Amino acid sequence: MSQSSSSPNYRWKHDVFLKFYGADTRKNFVSHLYAALIGQKIKVFKDEKTIQIGRNIFFSISKAIEESRISVVILSQNYGESVNCLTELEKIFECSRSMGRYVIPVFYHVQPAEVKHQSGCFREGFAVHGNHMKLSVWRNALIEATNIAGIEVQGNESDCITKIVETVMRELGPRRFPLGSLLAKAPVYWCALNFLTFKDSTGARKVGTAGTLSTSHRKKPNKETTEVYDPLYKKCSYRKLE
38 MSQSSSSPNY RWKHDVFLKF YGADTRKNFV SHLYAALIGQ KIKVFKDEKT IQIGRNIFFS
98 ISKAIEESRI SVVILSQNYG ESVNCLTELE KIFECSRSMG RYVIPVFYHV QPAEVKHQSG
158 CFREGFAVHG NHMKLSVWRN ALIEATNIAG IEVQGNESDC ITKIVETVMR ELGPRRFPLG
218 SLLAKAPVYW CALNFLTFKD STGARKVGTA GTLSTSHRKK PNKETTEVYD PLYKKCSYRK
278 LE
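Each residue of the sequence shown is one higher than the one before, counting from 38 in the working numbering.
This is the structure we're talking about:
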């Protein structure tokens, strides 16, 4: 039985499967994107270099696609000339249809229409396959990629990388900090916040920066009490020292 991306019981091995044509993007765009994703503590399967020595490459990559919540596909000018890229794109959309995987297509200095029709700058690379038996399957996978609202990289690459990372984080959701761990570390967690919201004596809500909360509405503590912040009720109170 297949598991969808929304299943609460499925244990993901990777947050993102990152697919690209190395000769076009490995040393520039992809390296910066990978660093940005890792910087946000996002688990990324990057390429065959991630595979352990002695493992079957195709089987390992297929398994990595299945075990990733999101696939980010960098469709560059020469992406279509790689049999491996096209075969993995086929697998990505197979998982998208049957298992509900989320796909983010990124059109790197190539127009979606060129990818869809294998025309323009995308045509030459794809043409090397001649009459390959899987040509129609790969064309359908490319068409599926262009039917998704993706991200076009034409100008400022830094802005596009930021947009990709934000899209990935939005899809992953608040999965890193379970409620139980937050409550266990509540004093530390709440002090680390930039803003805390509380009510004054009139019931109106006020905001103060963490560590510098306004105390104009509270009673002045005496030497026998200490101030304690309650994260559940979002308010401070004074307790007698023991």
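C-beta: ideal position from N, C-alpha, C; glycine also.
These figures come from a predicted structure and were not determined experimentally.
CA-to-CA distance, residue j to residue i, given in whole angstroms
i	j	result
residue 119	residue 162	8 Å
residue 116	residue 210	30 Å
residue 111	residue 167	23 Å
residue 183	residue 176	11 Å
residue 246	residue 192	For residue 246, the predicted structure reports a pLDDT of 43, less than 50, and the residue's modelled location is therefore unreliable. A value from the coordinates is still provided. Cα to Cα, residue 246 sits roughly 38 Å from residue 192.
residue 100	residue 109	16 Å
residue 132	residue 70	23 Å
residue 206	residue 80	11 Å
residue 173	residue 122	15 Å
residue 68	residue 75	11 Å
residue 156	residue 165	13 Å
residue 134	residue 124	16 Å
residue 196	residue 143	13 Å
residue 50	residue 83	13 Å
residue 159	residue 62	15 Å
residue 202	residue 137	20 Å
residue 64	residue 78	21 Å
residue 153	residue 171	16 Å
residue 95	residue 169	19 Å
Boundaries of the alpha helix (DSSP H) in which residue i is found, first to last residue
i	result
residue 67	66–76
residue 149	149–154
residue 63	That residue, residue 63, is in no alpha helix (DSSP H); it is neither H nor E in DSSP.
residue 196	194–209
residue 83	Premise fails: residue 83 is in no alpha helix (DSSP H) and is neither H nor E.
residue 94	94–103
Beta carbon of residue i nearer than 7 Å to that of residue j
i	j	result
residue 58	residue 113	yes
residue 141	residue 204	yes
residue 198	residue 73	yes
residue 126	residue 60	no
residue 66	residue 181	no
residue 145	residue 208	no
Extent of the continuous beta strand (DSSP E) to which residue i belongs
i	result
residue 52	51–56
residue 188	188–190
Any C-beta of chain C under 7 Å from that of residue i
i	result
residue 173	Any reference to chain C falls outside this structure, which holds one protein chain only.
(Q) Does the segment 51–63 come into contact with the segment 102–109, if we say contact requires no fewer than three beta-carbon pairs (one atom in each stretch) closer than 8 Å? (A) Taking a cut-off of 8 Å for Cβ pairs, the segment 51–63 and the segment 102–109 touch, as three or more such pairs fall below it.
Q.
Assess contact between the segment 171–190 and the segment 146–155, defined as three or more Cβ pairs (one per stretch) separated by less than 8 Å. Is contact present?
A. Result yes; three or more Cβ-Cβ pairs closer than 8 Å.
Q: Could you tell me which uninterrupted alpha helix (DSSP H) segments, each at least 4 residues in length, are contained entirely in the segment 153–177, listed from first to last along the chain?
A: Assignment of alpha helix (DSSP H) within the segment 153–177, counting only whole runs of 4 or more residues, yields 160–163 in chain order.
Q | Unbroken stretches of the beta strand (DSSP E), 3 residues or longer, contained in the segment 105–148 | A | Taking only runs of at least 3 residues, the beta strand (DSSP E) segments lying wholly in the segment 105–148 are 105–112 and 139–145.
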